[in-house]
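Engineer: This is the structure, below, for whatever I ask next.
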Amino acid sequence: MTDERRRAAELERRLEAHSSRPASLAPGQPDDLEDLALRLRASLTPPPARAAFKASARWRLLHRLPRIPVHAPSRLRPAMDMLRRLAVATASVLLAFSLGTAGVAYAAQEAIPGDTLYGVKRGIETARYSLTENPQSQAALLSDLAAERMREIQALADDGRDALLAPTLSDYIQTLDRLQSVANALPLNLQLQVLAQASARVQQHQQALERLLGQVPPQALPAMERAIERTSHSQEVLQALQQGESPSDLAPGQDKEKEHGPKRTPGPPDNRAKP
Amino acid sequence: MLGEDELIARARKGDREAFADLYQRYLPMIYAYVRARVFDDRDAEDLTEQVFLRAFQALDRYRGRGWPYSAFLYRVARNLVIDHFRRVRPTLSPEATDEQPDPAPSADEVLIKREDRHRLQQALSRLPADYQEVIRLRLLLSLPTATAAAWLGRSEGAVRVLLFRALKAMRRELGVEHD
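Protein chains in written order, with our numbering: chain A, 1 to 275; chain B, 1001 to 1179.
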């Protein structure tokens, strides 16, 4: 056991031993981690919910739950999806053999990360993008590609192919970033038009990602949250533009909770509790 | 009393009372987490309710994968709080959390404690997000290490070390240097 682990375990043991001890530390400079922990607990522990809220909480929730019953997921659905994709892939591959290059391109359309033809699909996408010169068309294509990445993320989650989720989420974010840069190069009226068109889609993506939060393994959650944050950012940029503001100060990740990232500028009241 | 899995299964079939049971079971801890971040009773109540409404809508896609349902609720709550702060500029007055008064404290004592709380909140808000989270879960909510580990998607050992590092960072923020 490393020294740090040993000391962390010792701190936990001491905190457990003091869990029933009333926090009566005098305010001042806590000079010991244990004291600091106890002071934090004593000073910042949130108050319990109001009695009135607790008393009516169940009733309120029951009246706000959607009336439409939630459907249980079909146990057959993942298997059927798999079979469907397999069938499409097999048929497409057969077609590809008979029709040559055009067939391969067709077969690749349904591929998701990890499939043999996925590389072909991405190659075709790159070629399509490089052949598109008009920035408006490029933005439209990038919007389609973002939707495609989203479909792949959904399919990967449904199939339980968790290891490929993070890189695909990363691709999705990159596609949104590229869409943003292409839109930024357009005149403001076109920029607004492009972003407004993309906005509805991105909002759907955000909702889909939030629904997937309960479906993906913990190791994929940071990437999911980055993607959700990126989709929120796109909405903020659009709102800023629509309100006639400059989106330049809305750098991607500005609101993101940084893992060991640079510290925020201290000073009340704006930085307190900023997520 | 029905287990978590049974309640989830029933709620998935449209049993709203089963979901309400889940709500009552996890309300205190989810409310406490939200309240530890938004500092306002009404906001915390609204957000807590939204957490469960979203969770209900996501029931058909929820897969436990061996993690407690509360870990999923925590993720939803955390994202909702982030969204909340995108819409509403975070404001925090020391008075806002001054809800656990000692019996008959003097005016000076109240002031000193309020200032101390404010200083701690400031220092906490300057820490990296994962340090803030481990302090909230382990100290402010007093969650057991195992639960905090499940919520954060880390091992128990990693949570212990994270808390240790978070407290050291907190101490530095407060201007106390040791080892």
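Glycine residues also receive a C-beta, built at the ideal position from the N, C-alpha and C atoms.
#1: Using 9 Å as the threshold, is the C-beta distance between A/L165 and A/I173 below it?
#2: Excluding sequence positions up to five away, which residues of its chain have a Cβ less than 7 Å from the Cβ of A/D171?
#3: Whose C-beta lies closer than 6 Å to the C-beta of B/T1145 among residues of the same chain, with five residues either side of it excluded?
#4: Is B/A1150 buried or exposed, if buried means 16 or more other CB atoms sit within 10 Å of its CB?
#5: Could you tell me whether any Cβ in chain A is nearer than 9 Å to the Cβ of B/D1041?
#6: Check whether the Cβ of B/P1142 lies closer than 9 Å to any Cβ atom in chain A.
#7: Buried or exposed: where does A/P22 fall if 16 or more other Cβ atoms within 10 Å of its Cβ makes it buried?
#8: Thinking C-alpha only, which one of A/A9, A/D162, A/Q191 and A/A105 is nearest A/P135?
#9: Any idea what DSSP makes of B/S1142, helix, strand or coil?
#10: Quick check: the Cα distance between B/F1164 and A/L11, rounded to an integer number of angstroms?
#11: Name the chain B residues that come within less than 8 Å of A/A211, Cβ to Cβ?
#12: So, does the stretch 1039-1046 of chain B touch the stretch 1066-1074 of chain B, judging by three or more C-beta pairs under 8 Å?
#13: Inspect the beta-carbon positions of B/A1077 and B/I1030 and report whether they are closer than 9 Å.
#14: Along the stretch 38-52 of chain A, what residues have a CB closer than 9 Å to any CB found in chain B?
#15: Buried or exposed for A/H71, going by 16 or more other Cβ atoms inside 10 Å?
#16: Tell me the DSSP secondary structure of B/Y1062 in three-state form.
#17: For A/L142, which residues of its own chain have a beta-carbon under 7 Å away from its beta-carbon, when the five flanking residues on both sides are left out?
#18: Taking any Cβ of chain B, which residues in the stretch 126-154 of chain A have a Cβ under 7 Å from it, in chain order?
#19: Under DSSP, the alpha helix (DSSP H) around B/L1022 begins and ends at which residues?
#20: DSSP three-state label for A/P66, please.
#21: Exposed or buried, what is A/T90 when buried is set at 16 or more other beta-carbons lying within 10 Å of its beta-carbon?
#22: Going straight from the alpha carbon of B/R1154 to that of A/Q219, what length do you get?
#23: Checking contacts by CB at 9 Å: is A/Q203 closer than that to chain B?
#24: Under 9 Å Cβ-Cβ, which residues of chain B neighbour A/S232?
#25: Report buried or exposed for A/G214, applying the criterion of at least 16 other Cβ atoms within 10 angstroms of its Cβ.
#26: With 9 Å set as the bound, which would you pick, yes or no: does the beta-carbon of B/A1032 sit closer than that to a beta-carbon of chain A?
#27: For B/R1075, which residues in chain A fall below 7 Å Cβ to Cβ?
#28: Any contact between the stretch 198-205 of chain A and the stretch 222-242 of chain A? By contact I mean 3 or more CB pairs, one from each, below 8 Å.
#29: In three-state terms, what does DSSP make of A/T175?
#30: Tell me the rounded alpha-carbon separation between A/R50 and B/R1171.
#31: Report all residues from its chain with a CB closer than 8 Å to the CB of B/L1047; omit the five preceding and five following residues, and keep chain order.
#32: Assuming B/L1027 and A/A55 are in contact, meaning their beta carbons sit under 8 Å apart, how far apart are those beta carbons, in whole angstroms?
#33: Identify, in the order they occur along the chain, each residue of the same chain with its Cβ nearer than 6 Å to the Cβ of B/W1067, setting aside the five sequence neighbours on each side.
#34: Is it buried or exposed, B/K1013, if we count other Cβ atoms within 10 angstroms and call 16 or more buried?
#35: Within 10 angstroms of its Cβ, does A/S137 collect 16 or more other Cβ (buried), or is it exposed?
#36: Please confirm whether B/A1146 has its beta-carbon closer than 9 Å to some beta-carbon of chain D.
Structural biologist: By the coordinates alone:
#1: no
#2: R149
#3: E1156 and V1159
#4: buried
#5: yes
#6: Note that residue 1142 of chain B corresponds to Ser in the displayed sequence, not to Pro. At least one chain A Cβ lies under 9 Å of B/S1142.
#7: In this prediction, A/P22 scores a pLDDT of 47, lower than 50, which makes its location untrustworthy; no coordinate-derived value is stated.
#8: A/Q191
#9: coil
#10: 7 Å
#11: At residue 211 of chain A the sequence reads Arg, which differs from the Ala that was named. Near A/R211 (Cβ distances below 8 Å), the residues of chain B are Q1057, A1058 and R1061.
#12: no
#13: yes
#14: L38, R39, L40, R41, A42, S43, L44, T45, P46, P47, P48, A49 and R50
#15: Because the pLDDT at A/H71 is just 49, under 50, the model does not fix this residue reliably, and the point stays unresolved.
#16: coil
#17: T175, R178, L179 and V182
#18: none
#19: R1016 to V1038
#20: coil
#21: exposed
#22: 9 Å
#23: no
#24: I1082, D1083 and R1086
#25: buried
#26: yes
#27: L213 and L221
#28: yes
#29: helix
#30: 33 Å
#31: V1034, V1038, A1077, L1080, V1081 and H1084
#32: Not really, about 12 Å apart at Cβ, beyond 8 Å.
#33: A1150
#34: exposed
#35: exposed
#36: Absent here is chain D; the protein component of the structure consists of chains A and B.
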